[in-house]
Structures are given as C-alpha cells and as structure tokens.
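In what follows, a single structure is set out as structure tokens and then discussed.
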Amino acid sequence: MLLILLLSGAAAAFVHPGALHTADDIARVKYHVTAGDEPWSTAFELLTQNGRSHSTWKPSAHEYIIRGSEYAENYGSAYNDAAAAYQLALRWLITGDDSFANASVRILNAYSSTLKDLQGSTDLYLAAGLYGYQFANAAELMRSYSGWNISSQHDFGTMLTDIFASVSLSFLEKHNGNPTSKFHGHYYANWDLCNIANLMAVGIFTENQTMYDYATEYFLTGAGNGALPNFAVANFTEEGTGKTLTQGQEAGRDQGHATLDFALLGVIAQQGFNQGNDLFATYGNMILNAQYNVNQTVSYTAYDSFEGIQSNISAKSRGDIRPGFELLVAHYEDVKSMDASWSATYRDYVNKNTELGVEGGGGNYGPNSGGFDALGYGTLMYRQRCDEE
3 MLLILLLSGA AAAFVHPGAL HTADDIARVK YHVTAGDEPW STAFELLTQN
53 GRSHSTWKPS AHEYIIRGSE YAENYGSAYN DAAAAYQLAL RWLITGDDSF
103 ANASVRILNA YSSTLKDLQG STDLYLAAGL YGYQFANAAE LMRSYSGWNI
153 SSQHDFGTML TDIFASVSLS FLEKHNGNPT SKFHGHYYAN WDLCNIANLM
203 AVGIFTENQT MYDYATEYFL TGAGNGALPN FAVANFTEEG TGKTLTQGQE
253 AGRDQGHATL DFALLGVIAQ QGFNQGNDLF ATYGNMILNA QYNVNQTVSY
303 TAYDSFEGIQ SNISAKSRGD IRPGFELLVA HYEDVKSMDA SWSATYRDYV
353 NKNTELGVEG GGGNYGPNSG GFDALGYGTL MYRQRCDEE
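Printed below as a string of structure tokens:
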C-alpha cells in the first residue's frame, strides 16, 4: 500500500521528549519530588512501591504477542513490560539513577530483538494500539539516555513501525472488513482511539510526520467511531451550570469502556498538545464536554449500535476505577482555567480508592489488562498545583 510506504519515510522536526511528557513536565515533577511537596511526594512513593519500577524487573518478551480468548494468550507479558519500561523511565528521569534507565532499556531492547508479530483474534488490534502507544511513550522518555545507542533506538523504532503501527494502520484503514458508519459501525470507539494513540506516539518517536498527521487527521475527520464527530452521540445542557455535556459512543455499552474512551482521548490530546496541536480544544472542547460522571444520573439519547439499540445509559461496571483522569483535569483546570468539575469528581473518586490516595498505574488496579490500559501516575506527572493551593 502506498500509504505504508509514505509512513515509512517522512520525517520532520518534532519536540523531544514530546509524547505524554515534555522536558518542562519532567523538570516540574523533579523539582516538587526533590522538595518533598505534595501531592508529588506521595505520588512518587506509590510509584516506587510498584515492583515494575524496580531496577530488578526482568522482561518477558515473546516472538509473538498473542491476544484472543480462543488462543494461547500471552499478552499479559507485554502490558506488564510496557508498564515497567515507562515506570522505570520515570524513576530515572526523576532521580538520575542510571540503574533505572538500564532496566528500562533492557526491556525495550528485549522486544526489538525478539518480537516478530502480533497474533490472535481481532483483539490483536487492541494489543497493537494499547501496547504500541505505551512502548512508544517509554522509548520517547529514554531517547536522551546515553546508554541507549542510536542503533538500538533505530531497531526499536523499526519494530514499532513494522509491527505495532502497521497493524494499527490496517485497522483504521479497513476495520477488519466491517462497516465504519456513524450508525452500526462494527467497532466501538476504544478500538479506534487506542490505534490513533499508537500511530501518534510511534510517529513522534520515529519522527514520522506522515504517520503523525494521518493519526491526527483521522481523529478529527475519520470514518470510525473513535473520530470525534462520530464519538459524540448527543449534547445536553446541564441544569444550573449551563455546561454542555456530550454523550460518548460507549455510554450505553458499559462504564468500563466508556471511561477507557476518556482516558484514551486524553492520551491523544496530550500527545498532540505537546507537539503544538491543541486537540483538547477541537470541536468546542468536546473532550471536556464528554466527561460524564459515571456515578450520577445523566441525560441520555438512545443509541443505535451494531449490537442493537441501547436505550439507556449502562449501569454495567458503574463505579469501576480507572486511571487517566488526572491528565484531563490538569489540562482543562490548570492549563486552560476551565470548569472540569465532573472530571475532577471522577479523578477524586479513583484516587480515594487507590492506595495512598493518588493515581497509580499498571499494577495498582489489579492484574487484568484493563488496569494496564492507561500508563497512569497522573498525580505525579500532570498535577500543576500543590495540595494547599
């Protein structure tokens, strides 16, 4: 495919690091942790308690990442190792201790030298999107480490492009041969969103402007349910505040996937913002408007999904906790000085039900894959203000 050839060659000047975090972000976090300021001090303590952030972590790379319940699945190794590579990168950047850098690089090199492909059911597209964007973010943080040479970085970028990004591109282009219309689109929004996030992150790490541009354009105008115009099912005006609330595409499915959508929207928008593209502000701040509080009664419009009409907002998985909302609140409240009260309510609910009362990451929300869909540690990495402010 011509597009794949284009994706493999285009380059441009990117901000580095510039996926989920910038150099300014890292400097801010390092300053507050060193000073013992809250909530960063407690958030860093939670990070250090996670075994994946320990320099003794050993990767479990396989030749094939397999995801799909009817197959001999092994994808748990990938999401644990991706979380570890990211957490170790954070510890290195904050402390300057090279033992954490070496451990993170050990994971990245293990995958670039071992992984051959993704296999399984159609769930392999989820593996491509979720673990691709996470590995790419870890690599983006490690690119400045002198102990990770250019040749090894190139090998890792080639793996990201040839294995993870190629699968994500195939999904967004073809949707496995299924319809992609706003109504009856076969795949729910999270499938698109994780693959968009992956193409953006890989494009940033490999400095592939064509890949990055394709992902951002798809997010704004694409055919699938993860593109913003299709993700928004209906808009409502909240009584008393006049705020616009947008019904997300998976609200009638279950709240676990609905909140995953919001976490992935945050990843996409943050990666774009750090490269100078304010995706948070697009379509009238739709990402902010879409922040339904999963524990409250809200207005709802029946949605005609490919599984049938979803007449009511789903109560399934209501009250589940998922990291990712620190990012959203920090951007809208602290960077933009906007009202993100419902997002903040859910953020606080998650933190209240997380050890030490701050947002955790992979390993803090159970052993199953859902607890690893977001890299997390948002209290540490996104908070702008001290607790007493």
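The sequence shown maps to residues 3 to 391 in the working numbering.
From the three backbone atoms N, C-alpha and C, an ideal C-beta is built for every residue, glycine too.
Quick caveat, the model's predicted, so the values are computed rather than measured.
Where Phe374 is concerned, there is no enclosing alpha helix (DSSP H), because DSSP gives it neither an H nor an E. Pairing Leu358 with Leu120 gives a Cβ-Cβ distance that is not under 7 Å. Ala141 is positioned such that its CB atom lies closer than 7 Å to that of Phe207.
In this chain, the alpha helix (DSSP H) harbouring Ala112 covers 100-116.
Uninterrupted alpha helix (DSSP H) stretches at least 4 residues long and entirely within the region 222-290 occur at 230-233, 257-276, given in chain order. In the three-state reduction of the DSSP assignment, Asp215 falls in the helix class.
The beta carbons of Ala63 and Tyr135 sit no closer together than 7 Å.
Non-local C-beta neighbours of Leu22 in its own chain, meaning closer than 6 Å and more than five positions away in sequence, comprise Asn139, Gln272, ordered along the chain.
In the three-state reduction of the DSSP assignment, Gly310 falls in the strand class, which pools E and B. Between Pro41 and Arg385, the C-beta gap is smaller than 7 Å, which places the two residues in contact. DSSP lists Ile68 as the beta-bridge partner residues of Gln121. Under DSSP, Gly20 forms a beta bridge with Thr24. Taking the C-beta atoms as reference points, Ser114 is found no nearer than 7 Å to Phe166. Straight across, the Cα-Cα distance linking Tyr216 with Gly278 is about 16 Å. Within the same chain, and ignoring the five residues on either side of Ala229 in sequence, the residues whose Cβ sits closer than 8 Å to its Cβ are Asp194, Tyr220, Phe221, Leu222, Thr223. Met161 is positioned such that its CB atom lies closer than 7 Å to that of Leu117.
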